[in-house]
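Step one of this worksheet: look at the structure below.
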Amino acid sequence: MKLLWTREEDMLHGKYHPVHAVQAGRRVSMPANNLTGLHMRLSGQSILSDVRPAALQDGKDPLVFQGLNPSG
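So the sequence shown is residues 558 to 629, counted in our numbering.
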């Protein structure tokens with residue numbers, strides 16, 4: 558799967574987000590068409606590491622992974 562947004566679409570609904578690359582679907586578990594597991598590799602820049610390092614959690618930027626959390 559490849560998703561592309563124009564710069565205008567990317568800036569339309571929020572703040573600036575640094576460029577990230579995501580490799581997904583190398584190992585996917587879908588018994589009976591129900592997604593039960595997904596392996597993803599993310600690579601990119603953290604805004605918090607420069608702006609507010611105290612907000613990092615275990616060295617990770619929670620905003621980078623925000624879309625993957627159940628709460629969204």
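No residue lacks a Cβ here, since even glycine has one placed at the ideal position from N, Cα and C.
Values in this document were obtained by computation on a predicted structure and should not be read as measured data.
For Gly-601, the secondary structure class from DSSP, reduced to helix, strand or coil, is strand. In terms of Cα proximity to Ile-604, the closest of Leu-561, Val-621 and Val-579 is Val-621. Note that the C-beta distance between Ala-578 and Met-597 is not below 8 Å. Across the structure, Arg-609 and Leu-560 are spaced so that their CA atoms are roughly 29 Å apart.
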